[in-house]
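Chains as they are written, first to last, in the UniProt record's numbering: chain A, 1 to 138; chain B, 1 to 939. Data block below; observations after.
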């Protein structure tokens, strides 16, 4: 068993492993290429280099997490959904534009729920409470 | 709950983002961005001090531009300024910029660390959180140096807020992953373990990740975590679905924490009986729940529930000790094999693969064979079919091998190109491993070549030849079968290779049948000759010369072919040389000599199948799950397949005088020149793949390699399954330059590739090495070069160590080799006459100046080789100096930065005793000593 946690999360591009910028761009393109050709009959997992991508599609948006091959697929698949439910609550029916215009806040949401490549907090209530507290500081 | 409005707070930012989104073309976007960059630059450079809000806004814009994929080379200082703001939003943007655009400027790092330090000490949980998140995101060594001692204190302090504890735990985890040497173990470790009991489940969730990572490296220190984890897990799985409130996700209590706890337990063997009983209950409860009707129809519910279930099954497999649980797990997975969710079918196939390797559940897995075969035929997702292939491979044993191999072969006809090679390897391995009847094996491999010839790698056809040569009961059948297969008008070149090789060895076994007489065999093979590539033609030429020996009656026909211009004057050197040599051999050699040179191949030593090695290389060692394979993986294979040229090989194994005469001997044993070379080295099972310590122990065999470089400057220093290191170096006086070539032999890239040159404390004052870091990513098949500038300051004994670390797949690789920079490299030869030599010899007659060594010859005592070695060593070889012509004398000057040291040497061979006496005289004892050691090892 190897435990390195999440290598990176795409949507907000949070990286938990050292890559240089060119490499990141290449990875983003490659992940995009392998994920977007898949349809509903496919699994939500795809092997990628020596890792695997766990992804979930919401309308036109793909949320992707790259983890080690022996990590728990379903746990990360639901972690994505849990995250999206938090976004939805925080932005009230989140849409792509919210994520673009508030990209710097999305990072805060990511960091509340995932840190150092690990799941940090899973309770939606707790995360939202914290986010609202931070919001009040603005 | 109030929602966040679009881009509130920073109107300028929202306008800018809108502008970018409204750009109709890439050019327009770039134009808009450049305009903005110019604007921001002028604001930052302007005389007017910017207020916090403006700074925040501009830094945020820069970040946005960076995220669009543009380079940002300024703004770091402004971001750092934001860190010391007292406003949360300004601080947040500052930290965000820094964590996304990490900069290695040391002055900046000092300022950043200072700001982090202040925030950590602020006792403001929000600021502490931001600081911790920044450390956790950057995770650099500098940060580890600054904070690895501080964070454990924050983590276990009684008054730390829960949310800060969560962040501190994961922050520490990040630092431990990047710089474990800087994270001191101590009193805090036992207190961290007790966080498993914390009443805040978020703290437990974060702490469990930290403990798992620490426990992997220090199992003994963290073993008390086992019983605590079991209690925690037990409380979760037996709780009602509403007990855990916030932490219940779609009626599943704390699914992510359960998964983490189950993973933590996989760091340990099954616990002692008391705890074990409790754990077994937990696992049974999880299995029972899987059978209960779902509490919700939502996929979130079943995913969360099954995430826990699959992790529980992983733990059951990891313990591999409770037959009852293993069989229950297998039955549960069996149900999933036919589930309507593709995800579940995929995961069930994957998980069953590991169950197949347990003796307790192997039989239970086998009962699902029909379902799995069906999956192979009907699944739409290639990755699911791939898992089905993996599972069939894992469940294969003697009882079902014929069925599984037949199904795989039939699937191969339509299989996706991406997985064909792997299926070919698997079929080849299974056919060999479970062959009761070797005719079945031969048929299977020939079928493989027929169906997927392009995907049949060298290892596969080498292997079939090894097996045929080693088993005389199958040789006649093999000859007959390849002969028949070659009748097809279009057959794959790999078949020609196998056919050529086998008929060359065993064609005589079917020559009695007039339908396959020697001439017919020869004509059949030769009809394919012109369509084949050069290596295959070379192999066929060897078959022809073997025919000359097997069938004297076709000798004239073959000689005619060899003599033809298309052979003797072939533009390809290899083909031309073979034609010339074989023709000559067939003409001058007597029947006896021919029979000796060209006799049947001796059996190959039994060893691990090179195909298995290839499969492991392809899939990574951890994914080849067969039980026996894992055991066999420990043994190391030293050789690959047979040499592709039969005649040369047999000449090698049965040396005969004529072989040398004709220059038919083998290639020199040590490959020279820089990489990459694709030799049989590629088949080696990697011995180092398990090691993960900071600096690996010196690679086995590196001593030998090191010695080989004492008298030469170029060649291959190290080679394993993944990596080849080649050297090219030149030295002049006390300076030298070495080119190190790192060749990635795999098709996967190496990441974090970091070669480090290590000079011990003893060596450092004497030798200066300078080099630049290499690109941390080495693409599959690529080669990178590193230049090392060398300066010899004064004489030295030790050699520097080259330590290479990189990531290959999920594993950390570590290789260390001695770098052959030796004192003799700084030799300048000095010619002198006999008289001078002996005069100086006498001058250096103090006992400390002379070092002598008498030793047994390790290599044949060949005068020319010895001369070459002395010259290669760097000194001049002085002819007609020693009164005894059998002796060798040499002279030279060792150049160092501080001084020059004259050296004289004398080597006296004693052929009768197979001994040498080597005498070194220099003005410095240590130099005499070292040179004597180095040179003695050469003979």
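Where a beta carbon is used, it is the ideal one built from N, C-alpha and C, also for glycine.
- The C-alpha of residue 70 of chain A lies about 12 Å from the C-alpha of residue 54 of chain A.
- DSSP places residue 859 of chain B in no alpha helix (DSSP H); its state is neither H nor E.
- A check of alpha carbon separations from residue 903 of chain B across B/858, B/849, B/857 identifies B/849 as the nearest.
- Residue environment: residue 36 of chain A is assigned as exposed (fewer than 16 neighbouring CB atoms within 10 Å of its CB, all protein chains considered).
- Taking 8 Å as the cut-off between beta carbons, the residues of the region 378 to 399 of chain B near chain A are 380, 381, 383, 384, in sequence order.
- Where residue 138 of chain B is concerned, the enclosing alpha helix (DSSP H) starts and stops at 125 to 138.
- Within a 10 Å sphere around the beta-carbon of residue 725 of chain B sit 16 or more other beta-carbons, which makes this residue buried.
- With a cutoff of 7 Å on beta-carbon distance, residue 200 of chain B and residue 111 of chain A are scored as not near each other.
- The C-alpha of residue 409 of chain B is placed about 27 Å away from the C-alpha of residue 335 of chain B.
- Residue range 299 to 319 is occupied by the alpha helix (DSSP H) that includes residue 307 of chain B.
- For the pair residue 746 of chain B and residue 715 of chain B, the CB atoms are not nearer than the 7 Å cut-off.
- Interface criterion not met: the Cβ of residue 30 of chain A is under 7 Å from no Cβ in chain B.
- Only residues of its own chain outside the window of five on either side were considered, and among them 854, 908 have a CB closer than 6 Å to the CB of residue 917 of chain B, listed in chain order.
- In the three-state DSSP reduction, residue 68 of chain A falls in the strand class (E or B).
- For a Cβ distance threshold of 9 Å, nothing in chain B lies close to residue 83 of chain A: the least Cβ distance comes to about 12 Å.
- Fully enclosed alpha helix (DSSP H) runs of no fewer than 4 residues occupy 225 to 237, 255 to 265 of the region 215 to 273 of chain B, in order along the chain.
- Taking the beta carbon of residue 88 of chain B as reference, the chain A residues within 8 Å of it are 134, 137, 138, listed in sequence order.
- As DSSP reads the structure, residue 796 of chain B sits in no beta bridge.
- For residue 246 of chain B, at least one C-beta of chain A is nearer than 7 Å to its own C-beta.
- Closer than 7 Å to the CB of residue 133 of chain B there is at least one CB belonging to chain A.
- Nearest to residue 38 of chain B by C-alpha distance, out of B/289, B/72, B/490, B/852, is B/72.
- In this structure, residue 434 of chain B lies away from residue 474 of chain B, with their beta-carbon atoms at least 7 Å apart.
- Going by DSSP, residue 52 of chain A is part of the beta strand (DSSP E) stretching over 51 to 58.
- Separation of the CB atoms of residue 818 of chain B and residue 698 of chain B is rounded to 6 Å, and the pair is thereby assigned contact status at 8 Å.
- In the three-state reduction of the DSSP assignment, residue 898 of chain B falls in the coil class, being assigned neither a helical nor a strand state.
- Residues of the region 787 to 819 of chain B whose Cβ lies closer than 7 Å to any Cβ of chain A, in chain order: 809, 810.
- Using beta-carbon distances, residue 126 of chain A counts as an interface residue toward chain B, with a partner under 7 Å.
- The shortest C-alpha to C-alpha distance from residue 198 of chain B to any of B/229, B/217, B/175 is the one to B/229.
- Along the region 340 to 354 of chain B, the positions whose C-beta sits under 7 Å from a C-beta of chain A are 342, 343, 346, 347, read in chain order.
- When secondary structure is reduced to three states using DSSP, residue 736 of chain B falls in the strand class.
- The C-alpha of residue 44 of chain A lies about 49 Å from the C-alpha of residue 483 of chain B.
- Around the beta carbon of residue 213 of chain B, 16 or more other beta carbons lie within 10 angstroms, which makes this residue buried.
- Sorting B/443, B/96, B/755, B/763 by C-alpha distance to the C-alpha of residue 772 of chain B places B/755 at the top.
- Against residue 256 of chain B, the close residues of chain A are 75, 79, 119, 122, in the order they occur along the chain (beta-carbon pairs closer than 7 Å).
- Closest in C-alpha terms to residue 590 of chain B, from the list B/558, B/580, B/552, comes B/552.
- The beta carbon of residue 785 of chain B does not come within 7 Å of any beta carbon belonging to chain A, so the residue lies off that interface.
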